[in-house]
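**Q** According to full-length UniProt numbering, the sequence shown is numbered sequentially starting from 1.
Ideal Cβ placement from N, Cα and C applies to all residues, glycine included.
Nothing here was measured: the structure is a model prediction, and the numbers come from that model.
I have a structure I would like to understand better, so I am pasting it below and will then ask my questions one at a time.
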Amino acid sequence: MPPEKRVNRLRTPAPDPRLTPPPMPPSNQPGNRPYSGSSPSGQSRRESPRTKPSGTSSGLYKSALGKAVRQRWQQTKTYVRRHPMLVVVYWFLVKTMLVLFLGSVAWVVVLKYVPVWFTPLTISRKWDAMGTDQPSEIHKTWRSFDEINKEAALAVVASEDQQFPYHWGFDFDEIQDAIRENQYRKRPRGASTISQQVAKNVFLWTGRSYIRKGLEVYFTVLIELIWGKKRILEVYLNVAETGPMTFGVEAASERFYGHSASSLSRSEAARIAAVLPNPNKFSVKNPSAYIQRRTRQISRQMRALGGQKYIRNL
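Here's what the structure looks like:
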């Protein structure tokens, strides 16, 4: 029996020629060129565009942004810990803002049921008249909504804010029209609603500033939510300036017509409404030609709105 042939198991077996790819041709032969990492179009593979999954870029951006925000927040907390006084100031401001917010809401709730006997405007007029030759007596008499002729309520709605029963404190169409017109008018036209005028007269000081305008928006939202339309119109009829040192339609009716506001006629109510834009310049008792013309216009608008039924369901 022939001896068993030893096999070297450590030697790599010879490759199968059927599985071995053909050798690359030399680079110096015609028709061949060395591979330089470029695609046939001349672009480098590293520079060739790649199709990324949708949202990858935005996800990376959000992740980086979130990391930056967290780092910034950590830096801020570290800075605050090193300066304890900032913590005291921070909590003081927070408590102050909370007290002012709760106080303003409570004030609005109280004035929903209590007559508004004075406003910053009445105090300002009283202060300006003191020490001068002008009379400093304030003419003001509070009357409930039911004690005032509805012609007066309809007149101020027709002249000042015809969308009053329907908007939520702001007439955005009127605001846009005023912005367009004020680009060409020498004297700017306002677009304040009755609600905004009440918020300004009852809660804020006179003057123009962005802070006051922002607070006006805030109080307008509050009284729309807490008071309702009927109370807003009632307060407006009692605090609106209707003449020199005269506030409210009851005081104007007694002073200029000699009778109560409960018996106002349509023309009388329209004339009071006609002077509201500038009651210190225009007069209810001695109306100019402009006021007489504006009174007729307001009376026509009152009829066009349908009369007192327009404000019946406030």
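When we look at the beta-carbon of residue 72 and count the other beta-carbons within 10 Å, is it buried (16 or more) or exposed?
**A** Label assigned to residue 72: exposed.
**Q** Near residue 233, what residues of its chain come up, given a Cβ to Cβ distance below 8 Å and the 5 sequence neighbours on each side ignored?
**A** Here the set comprises 145, 153, 156, 157, 164, 194, 311, 314.
**Q** Note down, one range per segment and in chain order, each alpha helix (DSSP H) of at least 4 residues found wholly within the region 217-301.
**A** The qualifying runs are 229-239, 249-252, 266-274.
**Q** Pick out the complete alpha helix (DSSP H) segments inside the region 151-209, 4 residues or longer, and give them in chain order.
**A** Counting whole runs of 4 or more residues, the region 151-209 contains the alpha helix (DSSP H) stretches 172-182, 194-203.
**Q** With DSSP collapsed to three states, give me the class of residue 112.
**A** Of the three classes helix, strand and coil, the one that applies to residue 112 here is coil, per DSSP.
**Q** How about the region 163-177 and the region 219-232: do they share at least three Cβ pairs that are nearer than 8 Å?
**A** Verdict: yes, contact present.
**Q** Does the Cβ-Cβ distance between residue 191 and residue 174 come in under 8 Å?
**A** Closer than 8 Å, so yes.
**Q** Can you give the beta carbon distance from residue 149 to residue 270, rounded, assuming they're within the 8 Å contact cut?
**A** About 12 Å separates the two Cβ atoms, so there is no contact after all.
**Q** Could you tell me the alpha carbon to alpha carbon distance between residue 254 and residue 92, rounded to whole angstroms?
**A** When rounded, the distance between both Cα atoms is 50 Å.
**Q** Relative to the C-alpha of residue 141, which candidate in 132, 259, 64, 293 has its C-alpha closest?
**A** For residue 141, the nearest C-alpha among the options comes from 259.
**Q** Could you please give me the residues that DSSP links to residue 83 through a beta bridge?
**A** Paired residue(s): none; residue 83 is not in a bridge.
**Q** Identify every residue that forms a DSSP beta bridge with residue 126.
**A** Residue 126 pairs with nothing; no bridge assigned.
**Q** Report the CB separation of residue 284 from residue 236 in whole angstroms; it is logged as a contact under 8 Å.
**A** Not really, about 17 Å apart at Cβ, beyond 8 Å.
**Q** Return the chain-ordered list of same chain residues with a C-beta closer than 7 Å to the C-beta of residue 257, the five sequence neighbours on each side being excluded.
**A** Closer than 7 Å at the Cβ level, and outside the excluded window around residue 257, lie 268.
**Q** With a threshold of 8 Å on Cβ separation, who are the neighbours of residue 290 within its own chain once the five nearest residues in sequence on each side are excluded?
**A** These residues qualify, in order along the chain: 282.
**Q** Just tell me which of 218, 87, 297 has its CA closest to the CA of residue 104.
**A** For residue 104, the nearest C-alpha among the options comes from 218.
**Q** Pull the bridge partners of residue 140 from the DSSP assignment, please.
**A** According to DSSP, which records beta bridges pairwise, residue 140 is partnered with 247.
**Q** So for residue 35, helix, strand or coil by DSSP?
**A** Only weak support is given to the placement of residue 35: the predicted model assigns it a pLDDT of 49, under 50, and the value that follows is read from those uncertain coordinates. If DSSP states are grouped into helix, strand and coil, residue 35 belongs with coil.
**Q** In angstroms with no decimal places, state the Cα-to-Cα distance between residue 124 and residue 287.
**A** Rounded to whole angstroms, residue 124 to residue 287 spans 26 Å at the Cα level.
**Q** In whole angstroms, what is the alpha-carbon distance linking residue 130 and residue 136?
**A** C-alpha separation (whole angstroms): 6 Å.
**Q** Report buried or exposed for residue 101, applying the criterion of at least 16 other Cβ atoms within 10 angstroms of its Cβ.
**A** Residue 101 comes out exposed.
**Q** With a cut-off of 8 Å on the beta carbons, I'd call residue 202 and residue 69 a contact; round off their distance for me.
**A** Not quite, the Cβ-Cβ distance comes to about 42 Å (not below 8 Å), so this is no contact.
**Q** Measuring alpha carbon to alpha carbon, tell me which of 280, 278, 279, 274 ends up nearest residue 302.
**A** Comparing Cα positions, the closest option is 274.
**Q** With burial defined as no fewer than 16 other Cβ atoms inside 10 Å of the residue's Cβ, what is the status of residue 279: buried or exposed?
**A** Buried, because 16 or more other Cβ atoms sit within 10 Å of the Cβ of residue 279.
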